Structure formats: C-alpha cells, structure tokens
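Line by line, the protein sequences are chains Y and Z. The working numbering puts the first sequence at residues 1 to 380. The working numbering puts the second sequence at residues 1001 to 1380. Don't be surprised by glycine CBs; every beta carbon is placed ideally from N, CA and C. It should be emphasised that the depicted structure is a prediction, and the values quoted were computed from it without experimental measurement. The structure under discussion appears below in the form of structure tokens.
2 protein chains.
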Amino acid sequence: GDTTDDLIELANKCHSNPPKREMDQLLATGEQVSIALMAMTLESMGVPAVSLTGGQVGIITEPSHTRAKIKSVARARLEKELAAGKVPVVAGFQGLADGTAITAEGETCVADTTTLGRGGSDTTAVALAAALGADECEIYTDVDGIYTTDPRIEPNARKLRDISYEEMLELASQGARVMHPRAVELGEVYRLPILVASSFREAPGTLIHGGVSMEQRNKVRGIAHDTDVAKITVRGVPDRPGIAAAIFEPLAEHGISVDTIVQNASLEGLTDLTFTVSRGDLAKAMEFVEPVAREIGAAGCVADGTLGKVSVVGTGMQSAPGYAARMFRALFEAGINIEMISTSEIRITCIIKGEQVADAVRALHKAFQLERAEEEPAQA
Amino acid sequence: GDTTDDLIELANKCHSNPPKREMDQLLATGEQVSIALMAMTLESMGVPAVSLTGGQVGIITEPSHTRAKIKSVARARLEKELAAGKVPVVAGFQGLADGTAITAEGETCVADTTTLGRGGSDTTAVALAAALGADECEIYTDVDGIYTTDPRIEPNARKLRDISYEEMLELASQGARVMHPRAVELGEVYRLPILVASSFREAPGTLIHGGVSMEQRNKVRGIAHDTDVAKITVRGVPDRPGIAAAIFEPLAEHGISVDTIVQNASLEGLTDLTFTVSRGDLAKAMEFVEPVAREIGAAGCVADGTLGKVSVVGTGMQSAPGYAARMFRALFEAGINIEMISTSEIRITCIIKGEQVADAVRALHKAFQLERAEEEPAQA
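Below, the structure is given as structure tokens:
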C-alpha cells in the first residue's frame, strides 16, 4: 500500500497527468517486489517457492490500462511449478495487455503490462483458483471474515459462518469493504467458494459460496452502510422521453458513478429527478448537470453533500413480507428521517443524513436480531 | 543505485542467501520504475516516449541469473515505436531467460527475468544500438569522457578525444571504471563506436572506436591504476605438471578471480608461484591455497594485502621499443619498488606497494608526457 502511494507520488512529480500505460509499467513493480521477497521468505523457511509476475503466469487482460479486465489465465507454468512441489507466489493486480506484443519472425517480445484497478488483487486470486479448477480460494486479509455489520459501529456485530455470492455482492457494493464485488462476481460465475479469513490469527473466517441454505434462517444477513453519499435533485423536470439520458450521459462520459436514482411521480407533466454520487464527485457532477438542467427547462438543481446510506441485505428477503416495513419502523423509532429509498431483490437501501448512519446501523442490527447466532444448517 | 541497495537490503532480511532467480525478479523492478518515470517526464516535456522492459524489447539472455549474457535483441517492437515517432526508454541490466517460458497450446507465458550483472546497463545500450544497426551508441554518464589517468590523482590528466576498443579494454580492466569491459567488447565485436560523455554538461566526450590512427601519435594513451590488490606467493613449489591447475581450480570453483600470475624460473626443481586477487578475496583464497600447498609439498604460503598496481596502456606499444624501460626507470626515479611485472600486447603492468600507487600514476603520466595534447589525425 505504502509502496504504491510512493510510486504514484513519484509519477505525479514527473507528469501532471501521467500516461496510463506508464502508470501500469510503474505500479506493477510494487507487487513484483512483494512476490520476490515473499518467495525468498518461504525459501528461508524451507518451503520451496517461486515468484511469478502476471506475465509469467500468463494472465492476459484487455488492453485497457489502469483498469484492465482479465481475459484468460494460463495453466502451464502454474501446473509445472505445482508439480515440482513449489509454492507459486503470484503477483496480483497485473497482467499482459492482449494484442500489444509486436513480434517478428524468430523474435520474442513481451506484451505491455496492465494493472487491474480496484479489487484487482482479490480478483487475481479468484481467477487463478478458477483457472486451476481449485476447490476453494482462500483469501487471508486484515479482517477475520464478513460481519453482520461494521463491528466498529455495532459491537454486537457477529461474524457470519457463510454468505451467498449475491448477499456478499450487495454488502460489498453497499459499503462493506472486505471483498471487492469484482472478485465475488468472478467467484459466482465459476461457482468457486471463497474463504475470507484473518492473516493474523487462527479463526474460521467466512465462506462466500453458492450453497447457502436460505430457507432455514434469518433472511436479513447483514447491514451495510456508507457515509460517502451526496445527492443531486433536478427539480421541475419536463416529463418526456430522453431527459434521463440527457442528464446521465455526460456524467458517464466523465467517469462519474451514479448510484441510487429515484424519480418521483410526475405532477402536471413535471417531475423531480434525484440521484446520488460519491461526495468527491459532487462538484464535478453539478458542473455537468446544471447546464443540462437549464437546457431542458428544469426548475433548478439542488445538491446535498451530507448524506449517507444504510442497507439491509439478505437472499429471499423480498419473497417474505414485512422486511421493508420493519426497516422503516426501526429507523423511525430511532428518529431517523429517510430521504430516498431504493431496493433490489435482496436489499433495501435508505438514504439518510450522514451523521445518523451509525445510529441507523445499530438500530437495524437490533431490529433484525443480527446479534443472535444463526441455526447451523447442513451446508449444501 | 540507492533503490538497488534498498532492494538488496530487503532481500537479505528475507533470506540469508536469497535465491538468484528471486533476486533478479526483485532487482529488475528498479530499472522498471526508472523507465516509467523517465517516459512520463519526456511526455510532460512534449516528447512522445514509451518505456520498455527488457522483456518488452525482447532482450533474450542465457538463463544464468544475476549475471546473464545477452543472446539476442529483437527489433520489431523498437522499430515500431521509432516509426511512430516515440523515444523508446529501455530498461537496462535485464532480459528474459531463454528457454524458461512454459507455454501450452493457446497460452501465453512470459519467461523468467534475468539481470545482466556488472556492466549490464552499458552492455544493454551497446546491444540495442548494435541490434538496430545504429551508427553510434552515446552513453551519458557522471564523467565527461576517458582521461589519460584518474584526474583525482593527477590534475594534469587530459581527456582523450578518442581511444581504440583494445586500449579502452586494457584501461577498463586495469582499474579505469568509466566503461565496463563487457560493453566495450560488445562494441568491438559489432564495430560500433561508443561515445562517452557527461550527462551534466555540454562537452565533446571521448569516442571509443576501431578507427584510431595509431601511427601518428604517442603510443601510450593512458595510465590505469588499482589499489585493491593482494598477493599470494606459494614458495618452494615442485616444478612438475599439474601444480598450477591444483592451485587455481579450487579458486575458480569458488568464484575467486585471479589477476596477474607470475612464476619464477625453476631453481633445483623448485619454483615460486605468485598471483594476485582482490583484497576482499584474500582470506578466502588463502583457505583454499594453504591445504593445496601442503598437499603438493610446497615450502609455504605468504600473503600480502597491501599492494596496488599501475599500468601504461597504448596500442602498438610493444612494436616500438623502450616503453617498458621508460616505465621502470620512471618508477625507480620516484623511489618505487616493483614487486611483479605483467604485460600484454598493449599494456605493461607493475604491482607495487598500494601506498605508492598515486605517486606512480603521477610519475608515469609525466614520463610519458600525457599532459600534452595529441596531434589531431583525420579519423578513419
């Protein structure tokens, strides 16, 4: 982590907006140092080991620098090292850009280095396990598993024995930072169980898998939260086709992620359109939204950068009634006003004041009795 | 330089004797960081640039880690980037180990990283220039050229306008540290002129090439010196075949470089065998030599770790008489005793007391009038 920050600082000294290809060339060295040192350490403990860069494994990615997606993972080198009894120590977060090696007859060149962007290290681990047809991918990290909610906010938070891919995705994308959604998605595609456990102490960890028995237990599995939420409301929007596209296309083009979108029912042909972005994107988003709002004849734009959100997540929640109602009541009883609501099949999210997020987490954790141990169903 | 030292320190914390393959994996990152930052800097100045690792260029080496020799350099990628108007910034000192990429059908893997060892960066530059069929390889460094001797010892030392490969090799291997012999040898093989000049100031530099007109000028071109010389004498050695091999084979096996070797004329079937090693290797060398000396019935071993050497170098020196005599007289007149003498076609070396090396350099520089500007012959 520190190394990467140091390298980024160096890059910014050399160029105000460093070319992405060169950033990848630069940042890939961080993991290369780590794997070499790790392999040496294992060897010094008498464990035969071999470090492998993304290129040496044969992790081929799309040629999009700083946020490349993995296309394929070769098995030949990994299998050779495993067969030789060596522990392969593979660089995460990096690969080779497909189609960038320029090679003439009899000449060998290596393709350009890519990095995988956010969640790239976990994603590499899952991709390797999938390529090798492993039974399970174990990720050892600085937390010892997935909790019903953030233990720093709710001391009664309980570690989950297991969780489904879908639930983990909702928890992850809603602010539980343990596993990146991208790695979980890849696990889901390959039906590869992922164990998240502590690298610092012996403890069972949490298994993310597809075989969670969902009928026998509390359908709310966890409470996610996020205090980095800003809201933009475009008021008095003419209710005609193409308006939403006009507003959101410029944001997408400039790489601003829009999260929750809510459009109120139209009143006399006018409607209010509200959406959320991360706080850091608020000013930039307003720059693009305000001219569009004027252009389409909207009444105006209002921004609020002080929000947060809280979500209850659980597979099959929507098939059982009353969860939303119980959530709204719990928030009401805790004196928390709901600004926006958004739902998925396995999640209910409320946008609330940022300063009330911690209270909301505790109220919901209690309301759904998440501190109670679950029954222990036979695993599928 | 600092980065490499830091990385070596890290490696030594992980393993008392780090595996060489992993050292290469680790140390190659230093240049990878440099090339990315250099390319960014050029881009920020409006100069299109692209960084290329040894692997991305296609520098294939023998698979001997930490001291690999270059086997071939591919042209395809370099030519593509040059054709696109980009400045390729290539990582020196590194390549891909031939034959180490394990690739199955449809899979792409990258070979193991090697480093080239001592002189590897200069050698990479010359190899690239040779592969591209360049007219000249220009090396910008922290000195502004090749001098008749070390200017820190003899203030009258004069920068040479040009020097032949052979002379440079003798100067380099005899202690002039500007260009590594390996790079000069490669230049000689490909008849590629190498310009050594300062990266800090505008000055003509020195051209190392084959076309030096040797008849028109002072045949002594420079004085080399080295203060890191230790001597071992094996006394009373039986004068029969196989003795030298018995003494030097164990040294070679343990990586101890032997420099000058002198064997005195045999007297009553017994002879003295004297050779030099670097001071740091003296204790280790004695460990191997002493048992051999006992075994072959020699009278004993004597070591002296306080020596140095001084050499006069110049093409065609042996074809003209009197150079050796002039050297010995100059040393005699300066009160310097000669312990050993060794010669090549273009060099005369005297082993002397280490503390007298600086005096010897000044005396020889004066005796051969090296402070005088050479005539300026038309270059070949």
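Where residue 1026 of chain Z is concerned, the enclosing alpha helix (DSSP H) starts and stops at 1020-1044. Within a 10 Å sphere around the beta-carbon of residue 275 of chain Y sit 16 or more other beta-carbons, which makes this residue buried. When C-beta distances to chain Y are compared with 9 Å, every residue of the segment 1134-1150 of chain Z stays at or above that value. Chain Y places a beta carbon closer than 8 Å to that of residue 1077 of chain Z, counting this residue as a contact.
By the C-beta density criterion, residue 135 of chain Y is exposed, having fewer than 16 other C-beta atoms within 10 angstroms.
Here residue 1256 of chain Z carries a coil assignment [DSSP, helix/strand/coil]. Nearest to residue 1271 of chain Z by C-alpha distance, out of Z/1233, Z/1023, Z/1095 and Z/1137, is Z/1233.
The three-state reading of DSSP puts residue 1272 of chain Z in strand, counting E and B together.
Not a single CB atom of chain Z sits nearer than 8 Å to the CB of residue 301 of chain Y. For residue 228 of chain Y, no alpha helix (DSSP H) run applies; the uninterrupted beta strand (DSSP E) run containing it begins and ends at 222-238, by DSSP.
A direct Cα-to-Cα measurement between residue 258 of chain Y and residue 1041 of chain Z gives close to 34 Å. By the rule that beta-carbons nearer than 8 Å mark a contact, residue 1315 of chain Z does not touch chain Y. The shortest CA-to-CA distance from residue 137 of chain Y to any of Y/147, Y/152 and Y/187 is the one to Y/187. Here residue 291 of chain Y is exposed, its C-beta having fewer than 16 other C-beta atoms within 10 Å. When secondary structure is reduced to three states using DSSP, residue 1091 of chain Z falls in the coil class, being assigned neither helix nor strand. The alpha carbon of residue 1208 of chain Z has as its nearest neighbour, out of Z/1068, Z/1238 and Z/1160, the alpha carbon of Z/1160.
Secondary structure note for residue 1076 of chain Z: its alpha helix (DSSP H) is the uninterrupted segment 1076-1083.
For residue 365 of chain Y, the uninterrupted alpha helix (DSSP H) run begins and ends at 357-367, by DSSP.
Ranked by how close their Cα comes to the Cα of residue 1153 of chain Z, the residues Z/1366, Z/1196 and Z/1103 have Z/1366 in first place.
Taking CB atoms only, residue 1020 of chain Z has no neighbour in chain Y less than 8 Å away. Look at residue 313 of chain Y here: in three-state DSSP terms it is strand. Excluding five sequence positions before and after residue 1313 of chain Z, the CB atoms of its chain that fall closer than 8 Å to its own CB belong to 1167, 1170, 1171, 1174, 1220, 1221, 1222, 1223, 1224, 1346 and 1347, given in chain order.
Rounded to whole angstroms, residue 1227 of chain Z and residue 1151 of chain Z show a C-alpha spacing of 15 Å.
Interface residue (Cβ-Cβ distance to chain Z less than 8 Å): residue 112 of chain Y is classified as such. Taking the Cβ atoms as the reference, residue 1108 of chain Z lies roughly 5 Å from residue 58 of chain Y, within the contact range of under 8 Å. With respect to the 8 Å criterion, residue 10 of chain Y and residue 148 of chain Y are not classified as neighbours on the basis of their beta carbons.
In the DSSP assignment, residue 159 of chain Y is bridged to Y/147. Interface annotation, residue 1094 of chain Z: not in contact with chain Y, CB-CB separation never under 8 Å. Sorting Y/26, Y/20, Y/125 and Y/130 by C-alpha distance to the C-alpha of residue 140 of chain Y places Y/125 at the top. Between residue 1237 of chain Z and residue 1298 of chain Z, the C-beta gap is smaller than 8 Å, which places the two residues in contact.
A Cβ-Cβ contact shorter than 8 Å links residue 24 of chain Y with residue 66 of chain Y.
Against chain Y, a Cβ distance below 9 Å from residue 1046 of chain Z picks out nothing, because the smallest value is about 11 Å. For residue 350 of chain Y, the enclosing beta strand (DSSP E) starts and ends at 347-353. Using beta-carbon distances, residue 1009 of chain Z does not count as an interface residue toward chain Y, since no partner is under 8 Å.
Counting every other CB atom within 10 Å of its CB across the protein chains shown gives residue 306 of chain Y a total below 16, marking it as exposed.
Closest in C-alpha terms to residue 1245 of chain Z, from the list Z/1210, Z/1293 and Z/1201, comes Z/1293.
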